[in-house]
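Presented below is the structure to which this report refers.
Protein chains: 2
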Amino acid sequence: MRNLKVTFLPEGKEVEVKEGTTLFEAAEKAGVYVNSVCGGEGTCGECRLQVMQGKAKSDKHSIGFFTTEEIKNGYVLACQTRVEDDLVVVVPARSRVEMEKIITEGIPAYSEPAKESARTSRREPGYPFDPIVKKVYLELPPPTLADNVANIDRVTRELSKRLSFSRCDVSLRCLQDIADKMREHNWKVTVTVANFEGACRILRVEGADTTDHDYGLAVDVGTTTVVVQLVNLKNGKIIGVEANHNMQAHYGDDVISRMVFACGRGSPQILQKAIVTNINVLTAALVKDSKIDPNDITCLVASGNTTMSHFLYGLTPCSLRLEPYVPTATVYPQVTAKEIGLNINPEAIIEMLPSVASYIGGDTVAGVLACGMADRAEISCLIDCGTNAEIAIGNNEWLVTCSASAGPAFEGSGTKWGMRATLGAIEKVQIDGGQVIYQTISKGKPRGICGSGLIDCIYELARNRVIGRDGKFDLSRNDPRLIFENDVAEYILAFPQETETGQAVTITETDIGNLIKSKGAVFAAVKSLVDYVGLSFAQLGNVYLAGGFGSSIDVPKAIAIGLLPDVEIGRVRYIGNSSLTGARMVLLSGHAFEASRTVARRMTNIELSNYVPFMNEFIASLFLPHTDDKLFPSVHY
Amino acid sequence: MRNLKVTFLPEGKEVEVKEGTTLFEAAEKAGVYVNSVCGGEGTCGECRLQVMQGKAKSDKHSIGFFTTEEIKNGYVLACQTRVEDDLVVVVPARSRVEMEKIITEGIPAYSEPAKESARTSRREPGYPFDPIVKKVYLELPPPTLADNVANIDRVTRELSKRLSFSRCDVSLRCLQDIADKMREHNWKVTVTVANFEGACRILRVEGADTTDHDYGLAVDVGTTTVVVQLVNLKNGKIIGVEANHNMQAHYGDDVISRMVFACGRGSPQILQKAIVTNINVLTAALVKDSKIDPNDITCLVASGNTTMSHFLYGLTPCSLRLEPYVPTATVYPQVTAKEIGLNINPEAIIEMLPSVASYIGGDTVAGVLACGMADRAEISCLIDCGTNAEIAIGNNEWLVTCSASAGPAFEGSGTKWGMRATLGAIEKVQIDGGQVIYQTISKGKPRGICGSGLIDCIYELARNRVIGRDGKFDLSRNDPRLIFENDVAEYILAFPQETETGQAVTITETDIGNLIKSKGAVFAAVKSLVDYVGLSFAQLGNVYLAGGFGSSIDVPKAIAIGLLPDVEIGRVRYIGNSSLTGARMVLLSGHAFEASRTVARRMTNIELSNYVPFMNEFIASLFLPHTDDKLFPSVHY
């Protein structure tokens, strides 16, 4: 078979592949990421490429995804097209996975370690500064005939004066080094120890005092984006943060399609490799920027949903998505960096925040830690909403959780012009007197509309009576923006001349229906949980919004469409990337680590899939804001 | 550089090596083992080979080791000779490391597990049958929506009904397999678990009931010989045993020369590789014979002296042999088979019996376990004598230990015609009326004399007044067997016409002097320890002899020369390879495992090197049987 060259524009990346390789595989090899929801099954039509030069062989049925015009212009689906010639292809704007604004900030995770008293006195939301892996410098007495205990015992004896543990293990590698290190450095050594839950494990022994070089990573393994934060374990300071798209997107846009891939054509190992690559790429950038030795990174704490947690460890997710929704594990074993291929110190320990159930993961546990709701008597509600919405309600005595599929609408998929919150996405909309005033991300020409823009849109359309409370267009209006395409009514937000692609950006009646279902599912989940514990919304002291979803959301509008419960605006607080915050809290405090396990154990998860009250609530929620106006006393259209 | 062929006779093994390779290295590559005490330094003169065909280049100073006749006949030192031609060489009998009778038997390690009551009632010397790694077959309830705990939790929940543990870990590899195994086998799985000290670790998950295939290895890592025993972990039965020479012999005959090699020209890793090869070779033979899958071997317990224990784990031994005699570790971490390269189940756990000090190792702890002395009120003495003698005295309340260098005489080195207890070694001697009646191993023609033969010899020479109580020959006798060679008197045990080599087998006055020093060191060590705890020999209820040394020893003669204390013969008991027995006891009982650590902790080691009473005792012991006759009331020459 011949080797053929494929050039991807606009980046100009070139790759050599064997004849017959799909363009999808070639793009992966070139490091060019193209959209995919189905993961290369040929069913989502997202991986559109335009062949400019050369001959490519497409599967015939894939032409159904294109207009005659598009076919004439060389449009193909990457996953259904085989390379049979040297090719030059363009990745169109819609198919490019571009960098969006990834949320890498959260509320402070711990009290500042400056003053000794502050470390122990402040508890909310921080925990005492006490990293789960740390360096300890020891000046040991040299051995004598009267004191000739084993080298390792000399170290642990001194260590026991500094740290509290009932047993202390040592890695074989470390034990092989220890004698030489001690002698070469005149009995002055720095040991890196994992110390929590009453145990101690020596990971590394170095000569002399190296405590100034002591680093850890906090990682948010999101389905869409991955964030790695480099933290100084000596003082808790954040040194840097890097983010990128989850490379698993190549195998599917959401957790379900990736699970289907992992349990079908692919394997959990392929997805593990992708996410490990993500973390390694980000770590390499952080290490380079801050000029540190990756061997000085000796701990990584990751937080993610249950599926992502399974993939990071290469665990099969196959029973996660099917009733009765069984995870392989919810408390993940401690592993070393070398075991999963991370390019930091090979003996570095990896901890993952515990999951609760198939659809309540470590990211929710992290969120509860980050907002401190499990430490207070006051009752709070945490809403982390992406394709899936995770809800936690409770206080320092009890915690209940549930999750509901919100659909991809809020994340920018599943609507005609939906897109992620990247360059050119309409993120804010106001409609007044038939005029649409929109704001796009980075002030780019409109390319589509993201989650917060869609929420605004629904509200503004309803407020202007363009749609009714049932989400249907009022076709009696003579609105030039209201058009029909393929018999479906749609509303023009940006005319062709305003947009990047030259095509109008619209919202269709189908889109509106999908969004109402999405907001209905989230609200019904919150309502079901509140009812389950016999509360009313008025009793929720705080409503925390977590994740990218909440960052640009207009809270009054989200309440007005019935997405969020009708509570005082002041009680709604955006807590940023609380998954990352929680991971960092655990990295920096053994107490937070213990708390994460306690929180996970305390959570009672309500499985909504067969829960009749939820089904009723969902149906009642398919209205703007709700069929029961009394639930939204402050909302008036 | 040319490739050259070297053929080793009498085995006829051929090997191809690069020009310039030493014959010593060529022999190693060919798997032909030649004697070496210095480990290839060119100083011991043990690695003698005879070049029959071809040209070899010898270092000039090595000719000092040979007679003119020998040089003419092509004798060279393997380590000082480089291959410059295709060669045919003969490994002479004296230089061959041949298989001796390796002691692979000990007293029973545990009570027969046949009856349930017997498992718990019998304590001495056995422990309840409860292997530290075992297979457990579980029939799990299938998950439902009401019971959808994680797969691993479903397993540990059921496991906790069978075993006792406060926490249960699982290896990553195992967790990656578990979901598929459970589903494929209809929720019927067999888990292999390490379960001791309140912890539990799942090493392996298999579908269906595989408890009939559950094996472990007990290993005695001796300086000279290595013994591996294959044990059925379901019922405790010994399936087979294999033994070979420690391949580390290539780098030196004793622990000191191997340590010198490891800390100088070589490395601990080279010695680790050698001993791991030993165990792999023996395991391969056992597995083949018994037709079992090596993956079904999931635990290995090893016992050895502190140096051997360090080498098996690749730990540096460099501070072991130098004052103040500091080991790298005395309690060895649990490792997995894959970490040290053993060809059994990669996740199999390896445990090594704990050491006490540089010269009191896991083999002594094993000996104490095997004879049960630490469980009884009666005071016992354990003597394990090779090049080094280890002594333990104590009971269920206290234990003291010491070690003394006995020199290589009892192991067959360091005397003119000394050899190991292999084919043709004189092992028993009786002298009556100038006639020497000897018995050789396997009735071979005499090739030399081994430890037990030398003890007999000293006694018989003294009894016949051929030597005085000071070990000097009575030169006034007109004994045709008494001759002089190089001005040193020697006594002919076997005339040239009787021997394999055609040279007389003799014992020289120098040999006798060395043997008196050896027996003096052992006795002085026992005496020092007895004095240290304020006892007399009469208070020793039992004297246990361990190791190869004790197997063919004539106890009354050993007492008569002042090697063993003068106790009732009936109290002296040979306990065989107690290092192996102790390892097997730990393999088969978590209680024995705990006991091994308790015994090691309880042992108070007396460092004799600077202990003045020992020096005085040693000098007083350089006489037959002793300068103080009152210590040997039953001995009369």
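These protein sequence lines are chains U and Z, in that order. Quick note: the first sequence, position 117, residue 117 per this note's numbering, numbers continuous. Adding 637 to a residue's 1-based position in the second sequence gives its number in this note's numbering. Glycine included, each C-beta is placed from N, C-alpha and C at the ideal position. None of these values were measured; they are calculated from a predicted model.
- Exclusion of the five residues before and after asparagine 280(U) leaves Leu342, Asn343 as the residues of its chain whose Cβ lies within less than 7 Å of its Cβ.
- Annotation for glycine 362(U): the continuous alpha helix (DSSP H) segment containing it runs 362 to 371.
- With a cut-off of 8 Å on Cβ pairs, the segment 440 to 447 of chain U is not in contact with the segment 610 to 625 of chain U, counting fewer than three such pairs.
- The straight-line gap separating the alpha-carbon atoms of isoleucine 441(U) and glycine 414(U) is approximately 20 Å.
- Sequence-distant Cβ neighbours of valine 968(Z) in its own chain, meaning closer than 6 Å and more than five residues away, are Pro991.
- Going by DSSP, leucine 9(U) is part of the beta strand (DSSP E) stretching over 3 to 9.
- Between phenylalanine 473(U) and alanine 489(U), the CB-CB gap stays under 7 Å.
- When only Cα atoms are considered, isoleucine 1092(Z) and lysine 975(Z) end up about 45 Å apart.
- Per DSSP, the beta bridge partners of glutamine 1076(Z) are Lys1065(Z).
- Within 10 angstroms of the beta-carbon of glycine 198(U) lie fewer than 16 other beta-carbons, which makes it exposed.
- Taking 8 Å as the upper bound for CB-CB distance, isoleucine 839(Z) and threonine 328(U) are not in contact here, some 13 Å apart.
- Listed along chain U are Ala179, each with a C-beta nearer than 7 Å to that of cysteine 955(Z).
- Per DSSP, the continuous alpha helix (DSSP H) segment holding histidine 947(Z) begins and ends at 943 to 949.
- Threonine 156(U) carries a helical assignment under DSSP once its states are collapsed to helix, strand and coil.
- Against asparagine 881(Z), chain U offers no close residue; the least beta-carbon distance is about 25 Å (beta-carbon pairs closer than 8 Å).
- Taken in chain order, the members of the segment 352 to 375 of chain U whose beta-carbon sits within less than 9 Å of a beta-carbon on chain Z are Ser355, Ala357, Ser358.
- Within chain Z, no C-beta atom comes nearer than 8 Å to that of glutamine 248(U); the closest sits roughly 17 Å away.
- Using a CB distance cut-off of 7 Å, glycine 844(Z) does not count as an interface residue toward chain U.
- The beta carbon of glutamate 1015(Z) is closer than 8 Å to those of Asn1032, Gly1178, Asn1179 in its chain, skipping five residues each way along the sequence.
- With contact defined as three or more Cβ pairs closer than 8 Å, the segment 526 to 536 of chain U and the segment 583 to 595 of chain U are not in contact.
- Aspartate 566(U) and isoleucine 559(U) do touch by the CB rule: their CB atoms are close to 5 Å apart, below 8 Å.
- Histidine 245(U): member of the beta strand (DSSP E) spanning 238 to 245, first to last residue.
- The same chain holds no residue with a CB closer than 6 Å to that of glutamine 1072(Z) once the five nearest residues on each side in sequence are set aside.
- In terms of beta-carbon proximity, asparagine 1032(Z) stays away from the interface with chain U, with every pair separated by 7 Å or more.
- Threonine 704(Z) and tyrosine 712(Z) have their C-alpha atoms spaced approximately 9 Å apart.
- Just so you know, the alpha carbons of asparagine 883(Z) and threonine 316(U) end up roughly 44 Å apart.
- Chain U has a Cβ within less than 7 Å of the Cβ of glutamate 976(Z).
- Proximity of asparagine 640(Z) to chain U, defined by a Cβ-Cβ separation below 7 Å, is not satisfied.
- Per the C-alpha coordinates, the member of Val227(U), Ile349(U), Ile391(U) positioned closest to phenylalanine 523(U) is Ile391(U).
- For arginine 1106(Z), the closest of Gly677(Z), Ile1198(Z), Lys666(Z), Ile912(Z) by C-alpha to C-alpha distance is Ile1198(Z).
- Here the segment 907 to 916 of chain Z makes contact with the segment 873 to 891 of chain Z; the two share three or more CB pairs at distances below 8 Å.
- The beta strand (DSSP E) runs of length 3 or more contained entirely in the segment 1088 to 1137 of chain Z are, from start to end of the chain, 1119 to 1122, 1125 to 1131.
- Judged by DSSP in its simplified three-state form, arginine 1234(Z) adopts helix.
- Per DSSP, the unbroken beta strand (DSSP E) holding threonine 1038(Z) starts and ends at 1036 to 1042.
- Excluding residues up to 5 positions away in sequence, Phe65, Leu77 lie with their Cβ nearer than 7 Å to the Cβ of glycine 45(U) in the same chain.
- Counting along the chain, lysine 1194(Z) sits inside no beta strand (DSSP E); it lies in the alpha helix (DSSP H) bounded by residues 1192 to 1197.
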